[in-house]
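Q: Using full-length UniProt numbering, count along the sequence shown one by one with no gaps and you end on 198.
Note that the Cβ used here is the ideal one computed from N, Cα and C, for glycine as well.
Since the model is a prediction, treat every value here as computed from it, not as a measurement.
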Amino acid sequence: MTSPPLAPVFPEVTIGILAGGRASRLDGRDKAWLQRGGVPQILRWQRRLAAQGGAFLVSANRDLPRYAAHGLDAVPDRIADAGPMSGLDALAGAAGTPWLMTLPVDMIEVNDCLLRTLMHHAGTHGAFACDADGVQPLVALWNVVALRAGAGHALASGDHAVRNLQQALGMKRVDFHGVRFGNLNTPQDLDDAGIAPD
């Protein structure tokens with residue numbers, strides 16, 4: 001007899017992974033499918049975080065059937081060429097929960113209490129993370145209603161800076177002292193993480 005699936009820790013939160021970038025510094029390699037230890041980045045995050053929230057979404061703009069084949073719900077940008085703001089807009093439009101936690105697919109590590117800590121500090125306006133490397137605006141917990149309106153306004157006005165949006169929304173900075181999330185931006189980053197070149 002199999003055990004019933006565990007209830008999500010935070011059913012009011014959608015986990016949203018931002019995987020819609022062009023990876024120009026990696027010659028266009030799709031970061032979502034870079035493998036570390038034989039596991040693609042996007043599946044690593046699904047296994048790590050999906051059970052924490054009520055839903056799991058991916059902001060992606062290519063190979064959408066590949067996500068579907070792995071049981072992942074991928075949503076494309078509604079407005080092209082606006083950087084991460086387009087991904088935030090797409091995730092906010094698709095989220096069916098009051099809260100959305102985002103993180104970029106190319107992050108290397110997060111601490112186990114990330115969502116819990118952001119929830120603790122979010123209040124009604126949301127929160128974003130700051131690690132040992134500085135502010136990480138895409139590692140954030142968003143009020144979905146506020147994000148839908150704010151991202152829409154940002155895209156319409158041409159101000160695509162995520163930090164400006166967070167300031168406008170009154171989101172709180174949360175410091176993760178001694179933690180470094182890291183990312184996979186350059187060939188050297190891939191080498192350091194043990195990811196083989198194509």
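Considering only the alpha carbon of each residue, which of R180, S157, M171 and D89 lies closest to D112?
A: Looking up residue 112 in the sequence shown gives position 112. Comparing Cα positions, the closest option is R180.
Q: Going straight from the alpha carbon of G159 to that of P84, what length do you get?
A: Looking up residue 159 in the sequence shown gives position 159. Looking up residue 84 in the sequence shown gives position 84. For the sequence presented, residue 159 should be read as Asp rather than Gly. The alpha-carbon atoms of D159 and P84 are separated by roughly 12 Å.
Q: Can you tell which of L43, V139, Q46 and V58 has its C-alpha closest to the C-alpha of A90?
A: What you label residue 90 is simply residue 90 of the sequence shown in a count that begins at 1. It is V58 whose Cα lies nearest to the Cα of A90.
Q: Is A74 helix, strand or coil by DSSP?
A: On the sequence shown, residue 74 is found 74 positions in, with the first residue counted as 1. Strand.
Q: Span of the beta strand (DSSP E) holding A132?
A: Taking the first residue of the sequence shown as position 1, residue 132 is located at position 132. No beta strand (DSSP E) holds A132; DSSP gives it neither H nor E.
Q: Does M85 come out as helix, strand or coil in the three-state DSSP assignment?
A: Here the question's residue 85 lines up with position 85 in the sequence shown. Helix at M85.
Q: Taking the straight line between their C-alpha atoms, what separation do you get for S24 and T97?
A: Counting from one through the sequence shown, the residue named residue 24 turns up at place 24. Counting from one through the sequence shown, the residue named residue 97 turns up at place 97. For S24, the pLDDT reaches just 48, beneath the cut-off of 50, and the residue's location in the model is therefore unreliable, leaving the point undetermined.
Q: Between the beta-carbon of L18 and the beta-carbon of G87, is there less than 7 Å?
A: On the sequence shown, position 18 is the one that residue 18 refers to. On the sequence shown, position 87 is the one that residue 87 refers to. Yes.
Q: Using the Cα positions of W142 and W99, report the straight-line distance between them to the nearest angstrom.
A: In the sequence shown, the residue the question calls residue 142 occupies position 142. In the sequence shown, the residue the question calls residue 99 occupies position 99. About 6 Å.
Q: Whose CA, out of G38, H177 and P65, lies closest to the CA of residue 265?
A: A question about residue 265 goes unanswered here, because the residues of the chain that appear run from 1 up to 198.
Q: Tell me the DSSP secondary structure of T97 in three-state form.
A: Counting from 1 along the sequence shown, the entry for residue 97 is found at position 97. T97: coil per DSSP, three-state reduction.
Q: According to the neighbour-count rule (16 or more other Cβ atoms, all chains shown, within 10 Å of its Cβ), is D198 buried or exposed?
A: The residue you call residue 198 lines up with position 198 of the sequence shown. Note on D198: pLDDT 48, under 50, position unreliable in the model; no value is reported.
Q: Over what stretch of residues does the alpha helix (DSSP H) that includes T117 continue unbroken?
A: As a position in the sequence shown, residue 117 is number 117, starting the count at 1. Looking at the DSSP string, the run of the alpha helix (DSSP H) that includes T117 is L114 to A122.
Q: Would you mind reading off the limits of the beta strand (DSSP E) that contains G54?
A: The residue given as residue 54 occupies position 54 in the sequence shown. Here the beta strand (DSSP E) through G54 covers G53 to S59.
Q: How about M119 and I15: are their beta carbons less than 7 Å apart?
A: Position 119 of the sequence shown, counted from the start, is the residue given in the question as residue 119. Position 15 of the sequence shown, counted from the start, is the residue given in the question as residue 15. Not a contact, by the Cβ cut-off of 7 Å.
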